[in-house]
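K.L.:
Numbering (the working numbering), first residue to last: 34 to 315.
1. According to DSSP, which residues form a beta bridge with residue 207?
2. With DSSP as the reference, label residue 42 as helix, strand or coil.
3. For the alpha helix (DSSP H) containing residue 259, list its first residue and its last residue.
4. Taking 8 Å as the threshold (beta carbon to beta carbon), is residue 86 in contact with chain D?
5. Give the straight-line distance between the Cα atoms of residue 216 and residue 135, rounded to the nearest whole angstrom.
6. Going by the CB atoms, is the gap between residue 288 and residue 164 shorter than 8 Å?
7. Going by other Cβ atoms of all chains shown within 10 Å of its Cβ, with 16 needed for buried, is residue 237 buried or exposed?
8. Span of the alpha helix (DSSP H) holding residue 89?
9. Would the beta-carbon of residue 273 fall within 8 Å of that of residue 248?
10. Does DSSP classify residue 71 as helix, strand or coil?
11. Would you decide whether residue 83 is buried or exposed? Buried here means 16 or more other CB atoms lie within 10 Å of its CB.
12. To the nearest angstrom, report how far apart residue 129 and residue 115 are at their CA atoms.
13. Can you grab the Cα-Cα spacing for the pair residue 92 / residue 47, in whole Å?
14. Taking the alpha-carbon positions, what's the residue 81 to residue 171 distance?
15. Apply the 10 Å Cβ neighbour rule to residue 42 and answer buried if 16 or more other Cβ atoms are within range, or exposed otherwise.
16. Would you mind sorting residue 56 into buried or exposed? The rule is 16 or more other CB atoms within 10 Å of its CB.
17. Answer yes or no: do residue 180 and residue 143 have a C-beta to C-beta separation smaller than 8 Å?
18. Determine the DSSP secondary structure at residue 290, reduced to helix, strand or coil.
19. How would you call residue 69, buried or exposed, if buried means at least 16 neighbouring beta carbons within 10 angstroms?
20. For a minimum of 3 consecutive residues, which ranges assigned as the beta strand (DSSP E) are wholly contained in the region 92-177?
21. Return the residue from the list 235, 99, 183 and 290 that minimises the CA-CA distance to residue 244.
22. Helix, strand or coil for residue 302 per DSSP?
23. Would you report the Cα separation of residue 331 and residue 210, rounded to the nearest angstrom?
24. Can you tell me where the alpha helix (DSSP H) holding residue 223 begins and where it ends?
25. Could you please give me the residues that DSSP links to residue 36 through a beta bridge?
26. Quick one, which of 173, 219 and 227 has its alpha-carbon nearest residue 334's?
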């Protein structure tokens with residue numbers, strides 16, 4: 034979840050509270066991603082987002098913007114919340130004489146990211162490094178997350194699209210196969226998921242990254258998926274090279290999880306397809 038506001042204050046405080054923290058073994062995830070915040074800024078003259086910091090446990094805390102902007106200069110703040118806990122309170126405290134405004138983005142660009150553990154953010158150190166959040170800020174797009182920390186996530190995605198009111202989007206990004214997923218679940222649910230997404234998305238792009246030892250599970254070998262690709266109903270990105278000898282030490286935490294660098298590679302690959310299909314500029 035992301036939050037935006039703009040201000041001209043040289044300092045402001047952030048007070049937050051999280052509940053329902055998942056207490057499990059997550060050595061590959063940063064503390065701010067689990068139960069804290071990532072904070073970024075940009076100015077009106079420079080539309081690039083820059084990191085301010087990642088924060089957890091100590092709250093409230095003070096942000097000193099004098100290090101980043103001139104006095105009186107208006108800037109925007111982007112705050113990413115945690116992913117395996119619930120942000121119950123988020124309060125921004127500013128001086129009385131400062132300007133502040135909540136930004137309610139109504140972007141023309143709408144993206145839905147759908148998938149399992151990688152899309153969910155498992156493996157990242159901060160939420161700012163999730164490939165879906167990079168898409169959000171680089172494209173100034175409204176990104177909806179339909180992701181589950183479940184190796185058999187396709188069944189849950191199918192249930193969501195069948196029973197809820199899924200978002201309408203210009204483009205859907207689908208994690209095709211977390212390689213430890215039950216093969217029967219893939220065979221039974223993947224085609225239905227793609228069909229349901231096509232009803233709500235103008236374009237659907239699928240991607241997967243599977244180690245050599247599990248390449249027999251490669252979804253592209255599925256005849257139904259191959260037919261969808263040939264008919265132009267689905268684009269597929271094979272990012273399995275992220276597990277090869279050249280990349281895996283940089284892009285993976287272990288054989289199960291992508292790390293921050295892996296998410297950046299995923300973003301860069303997906304970005305080019307988004308730009309080609311939508312003609313969006315960044």
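For glycine and all other residues, C-beta sits at the position ideal for the given N, C-alpha and C.
As the structure is a computational prediction, the values presented were derived from the model and not from experiment.
P.N.:
Result, derived from the coordinates:
1. When DSSP reads this structure, residue 207 sits in a beta bridge with 147 and 239.
2. Three-state DSSP puts residue 42 in coil, outside helix and strand.
3. Looking at the DSSP string, the run of the alpha helix (DSSP H) that includes residue 259 is 256-263.
4. Absent here is chain D; the protein component of the structure consists of one chain.
5. The straight-line gap from Cα to Cα measures roughly 46 Å.
6. Contact: no.
7. Buried.
8. No alpha helix (DSSP H) contains residue 89, which is instead part of the beta strand (DSSP E) from 83-89.
9. Going by C-beta atoms, residue 273 is nearer than 8 Å to residue 248.
10. Collapsing the DSSP output to three states places residue 71 in a strand.
11. Burial state of residue 83 is exposed, judged by a 10 Å Cβ sphere holding fewer than 16 other Cβ atoms.
12. So the alpha carbons of these two residues sit roughly 29 Å apart.
13. The alpha-carbon atoms of residue 92 and residue 47 are separated by roughly 7 Å.
14. Near 8 Å, if we compare the C-alpha coordinates of residue 171 and residue 81.
15. Per the 10 Å Cβ criterion, buried.
16. Counting the other Cβ atoms within 10 Å of the Cβ of residue 56 gives fewer than 16, which makes it exposed.
17. Not a contact, by the Cβ cut-off of 8 Å.
18. Three-state DSSP puts residue 290 in coil, outside helix and strand.
19. Buried is the call here.
20. Counting only runs of 3 or more, we get 94-97, 108-113, 119-126, 133-135 and 143-148.
21. Ranked by how close their Cα comes to the Cα of residue 244, the residues 235, 99, 183 and 290 have 290 in first place.
22. Note: residue 302 maps to helix in three-state DSSP.
23. Only positions 34 to 315 of the chain appear in this structure, which leaves residue 331 out of reach.
24. Where residue 223 is concerned, the enclosing alpha helix (DSSP H) starts and stops at 216-231.
25. Residue pairing of residue 36 in beta bridges, as defined by DSSP: 112.
26. With the chain represented from 34 up to 315, any question about residue 334 goes unanswered, as that position is not in the structure.
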